[in-house]
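Okay, structure first, notes after.
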């Protein structure tokens, strides 16, 4: 049995397990969110609960994995993707409630290194990144499917260096897994979002990729057609409110 299927079954078991009426009442809406949103959405869920609502249930993974779970029938109320493509995929499949899709936040793409390792590299066209890697690899979320990896590949391609490092990629399931490789010193460099670098332990930013080198980084939020929780729409609106956006700004996210 595949790991994604096991995750779906585990999620289903959690949601349909017998509960007392009080426990069911206490559980908030289920939000499936991109891995890079961990700290921000945890803080937003806490802020929503502080207003007297049941605390939302949060599940984080790569947007590609979450989209596949939704398409496979995993029950959820809200989806927060790290790119437009995977939200488009879910919407075209009929899982997005009409009129609820909105861009919530933006981000930047950066190159990071272990804090205890010096790397002299200026991000720009034809930069000698392969030489900077030496025998090491570049940590990235899977560039074939995960948003952070796709943005990273687009940037490296635009800068003319993708062919020189395409065979030296350490592929990760999501952007936080890529960050962890750099944190542990398993790779000398990695591509993550600026917010991940900010949340990471023991990493430093080498430089930021020019916004023009990759598609705009946008996080679309939508309510799903299978949503039945009475607080789902309220929590969605809270995230889009000035209070919700203030939480996102506190963790380094920009306006979309």
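In the working numbering, the protein residues as written are 971 to 1226.
Ideal Cβ positions, reconstructed from N, Cα and C, are used throughout, including at glycine.
All values reported here derive from a predicted model rather than from experimental measurement.
Close Cβ partners of residue 1153 (< 8 Å) along its chain, the five nearest in sequence each way excluded: So the list reads 1084, 1170, 1171, 1172, 1173, once near-sequence residues are dropped.
Please name the residue, chosen from 1029, 1012, 1018, that lies closest to residue 1203 on a Cα-to-Cα basis. Proximity to residue 1203 across 1029, 1012, 1018 peaks at 1018, based on C-alpha coordinates.
Report all residues from its chain with a CB closer than 8 Å to the CB of residue 1029; omit the five preceding and five following residues, and keep chain order. Within the same chain, residue 1029 has close Cβ partners 981, 1000, 1001, 1002, 1003, 1036, 1046.
Classification of residue 1118 by the beta-carbon crowding that lies within 10 angstroms, buried from 16 upward: It is buried - the Cβ of residue 1118 has at least 16 other Cβ atoms within 10 Å.
I need the DSSP call for residue 999, collapsed to helix, strand or coil. Residue 999 falls in the coil class under three-state DSSP.
Whole-angstrom distance between residue 1192 and residue 1210, CA atom to CA atom: For residue 1210 and residue 1192, the distance between alpha carbons rounds to 11 Å.
Helix, strand or coil: which one does DSSP assign to residue 1046? Residue 1046: coil per DSSP, three-state reduction.
How should residue 1150 be labelled, buried or exposed, when 16 other C-beta atoms within 10 angstroms of its C-beta is the threshold for buried? Residue 1150 should be labelled buried.
Segments of 3+ residues assigned as beta strand (DSSP E) that fall wholly inside the segment 1116-1171: Counting whole runs of 3 or more residues, the segment 1116-1171 contains the beta strand (DSSP E) stretches 1139-1142, 1159-1163.
According to DSSP, simplified to helix, strand and coil, what is residue 993? The predicted position of residue 993 is uncertain, since its pLDDT is 41 and thus under 50; no value can be drawn from it.
For residue 1005, which of 1181, 1182, 1049, 1090 has the nearest alpha-carbon? Comparing Cα-Cα distances from residue 1005 to each of 1181, 1182, 1049, 1090, the minimum goes to 1049.
So residue 1147 packs on residue 1184, CB below 8 Å; how close in whole Å? Not confirmed; about 20 Å, so no contact.
Could you compute how far the alpha carbon of residue 984 sits from the alpha carbon of residue 1043? Legend: pLDDT at residue 984 = 48, less than 50; position of this residue unreliable, value from coordinates given subsequently. Distance between the alpha carbons of residue 984 and residue 1043: 14 Å.
State the start and end residues of the unbroken alpha helix (DSSP H) segment that holds residue 1072. Going by DSSP, residue 1072 is part of no alpha helix (DSSP H) but of the beta strand (DSSP E) stretching over 1072-1076.
In angstroms, rounded to a whole number, what distance separates the CA positions of residue 1182 and residue 1079? Between residue 1182 and residue 1079, the C-alpha separation is close to 11 Å.
Keeping to the same chain, check which residues put their C-beta closer than 6 Å to that of residue 1197; ignore five residues upstream and five downstream. Correct list, in chain order: 1047.
Can you tell me whether residue 1031 is helix, strand or coil according to DSSP? Annotated three-state conformation of residue 1031 is strand, per DSSP.
Host beta strand (DSSP E) of residue 1192 (start-end): Note, residue 1192: beta strand (DSSP E), 1188-1193.
Could you check where the beta strand (DSSP E) with residue 937 kicks off and where it finishes? Shown here, the chain extends from 971 to 1226; a query on residue 937 therefore has no answer.
Can you round the beta-carbon distance between residue 1023 and residue 1201 to whole angstroms, since I take them to be within the 8 Å contact cut? So it is a contact: roughly 5 Å between Cβ atoms.
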